[in-house]
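In the working numbering, the protein residues as written are 52 to 343. Heads up, the beta-carbon is just placed ideally off N, CA and C, and yes, glycines get one too. Comments concern the structure below.
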Ligand SMILES: [Zn+2]
């Protein structure tokens, strides 16, 4: 193969990588009416999919790796969460709770925590969209506010599935940590066309982003951003699961691991803020495609 052929092939591969990466849509600033579509066959009857990424930066704030959080996405132990929590705990015990908050490495670790999102197929009615996109909803907005609206709808004898979707008014204001969202049922409901249903994205398929190579990259990035001071990744998890495996099934071992985590402290649970969600991953997401 000539050098030119090699170069062409390389470019083709790069292009196809870009093509397969689908960007999720975010709730836009201001007021928008979004139509949330019901679950397709591919989504195993569910109309939503939990999802979260870890965004790992170096100590200059440059994004170094992005990796799906197994805990937020698949409800199973996540090695990256383990590393982050261990690291934060280590810095806290070394510097004390208050000083730790101002430590740059501690801050980096804190920012690398996965922020829970829920993915849905939706259409931005206000923007005149005709094809569904994967929209990211902050977890609390979805689990609390949307749930309230669906319940209200059910009380009036209306059904989300039967109506093949629901129009909601979503308002977004502020930025960064002060981003606020509200959600309510739209007075005027639009209709879901068969074409829209046909073009729905496979949410479950989208979430399947685990890869050993990408995980290794994330672990390396995390280790180098903390100057290699952290304990080896997930050593504890592997040990405790392995020892439990002797007498129990894998599922049992994972349950045990969860109990240990739950007992270990609050690091595991998501941020307690109810309506805010950091939006700096809006910028970060733009870099996602490049990182592949
Ligand atoms: Zn995680």
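What number of angstroms, rounded off, separates the C-alpha of residue 114 from the C-alpha of residue 166? Looking at the backbone, the Cα of residue 114 and that of residue 166 are separated by about 16 Å.
Closest Cα partner of residue 183 within the set 118, 204, 242: Nearest option by C-alpha distance: 242.
Would you identify the three-state DSSP class for residue 85, choosing helix, strand or coil? Three-state DSSP puts residue 85 in a strand.
Touch check for the segment 210-230 and the segment 74-91: three-plus C-beta pairs under 8 Å? The count of Cβ pairs closer than 8 Å, one atom from the segment 210-230 and one from the segment 74-91, reaches three, so the stretches are in contact.
Mind listing which residues have their beta carbon within less than 5 Å of any non-hydrogen atom of ligand 1? Chain order is fine. Going by the Cβ distance cut-off, the answer is 120, 122, 129, 131, 132, 165.
Cβ shell of residue 56 (< 6 Å), same chain only, five flanking positions each side left out: Within the same chain, residue 56 has no close Cβ partners at all.
Run through DSSP, which three-state label would residue 114 get? Three-state result, residue 114: strand.
Beta strand (DSSP E) segment containing residue 176, residue limits: Taken as a continuous stretch (DSSP letters only), residue 176 belongs to no beta strand (DSSP E), as it is neither H nor E.
With H, G and I counted as helix, E and B as strand and the rest as coil, what does DSSP make of residue 101? It is a strand residue.
Under the three-state DSSP convention, the category residue 233 falls into: Annotated three-state conformation of residue 233 is strand, per DSSP.
On a Cα-Cα basis, can you pick out the residue from 120, 144, 185, 97 that is closest to residue 250? It is 185 whose Cα lies nearest to the Cα of residue 250.
What does the Cβ neighbour count give for residue 145, buried or exposed, with the cut at 16 atoms within 10 Å? That one is exposed.
Alpha carbon to alpha carbon, how far is residue 197 from residue 205? Give it in angstroms, no decimals. Spanning the two alpha carbons is a distance of roughly 12 Å.
If you run the structure through DSSP and keep just helix, strand and coil, what is residue 218? Looking at residue 218 - three-state DSSP - the assignment turns out to be strand.
Return the CA-CA distance between residue 58 and residue 234, expressed in angstroms with no decimal places. About 50 Å.
Neighbourhood of residue 237 by C-beta distance below 7 Å, restricted to the same chain and skipping five residues each side: For residue 237, where only same-chain residues beyond five positions count, the Cβ hits under 7 Å are 84, 218, 219, 220.
Alpha carbon to alpha carbon, how far is residue 213 from residue 77? The alpha-carbon of residue 213 is positioned some 26 Å away from that of residue 77.
So the candidates are 174, 210, 259, 124; which of them puts its Cα closest to the Cα of residue 248? For residue 248, the nearest C-alpha among the options comes from 174.
For residue 153, count neighbouring C-beta atoms within 10 Å of its own C-beta (all shown protein chains included) and say buried if the count is 16 or more, exposed if not. Burial call: exposed.
Three-way DSSP call (helix, strand, coil) for residue 259 in this model: Residue 259 carries a coil assignment under DSSP once its states are collapsed to helix, strand and coil.
Burial state of residue 191 (16 or more Cβ within 10 Å): When all chains shown are included, residue 191 counts as buried.
What would DSSP say about residue 168, mapped onto helix, strand or coil? Per DSSP, reduced to three states, the secondary structure at residue 168 is strand.
Classify residue 90: buried if its beta carbon has 16 or more other beta carbons within 10 angstroms, exposed otherwise. Counting Cβ neighbours within 10 Å, residue 90 comes out buried, since at least 16 surround it.
For residue 101, which residues in the same chain have their Cβ closer than 7 Å to its Cβ, ignoring the five residues on either side in sequence? Closer than 7 Å at Cβ, skipping near neighbours: 123, 124, 167, 169.
Do residue 216 and residue 107 have their CB atoms nearer than 7 Å? No; because the gap between Cβ atoms is not below 7 Å, this pair is not in contact.
Rounded straight-line distance, which links the Cα of residue 103 to that of residue 278: Rounded to the nearest whole angstrom, the CA to CA distance from residue 278 to residue 103 is 25 Å.
Please classify residue 79: does DSSP put it in a helix, a strand, or coil? Three-state result, residue 79: coil.
Just reading off the beta strand (DSSP E) that residue 207 is part of, what are its end residues? Counting along the chain, residue 207 falls outside any beta strand (DSSP E), and DSSP gives it neither H nor E.
Range of the contiguous beta strand (DSSP E) that encloses residue 188: Per DSSP, residue 188 is one residue of the beta strand (DSSP E) stretching across 184-189.
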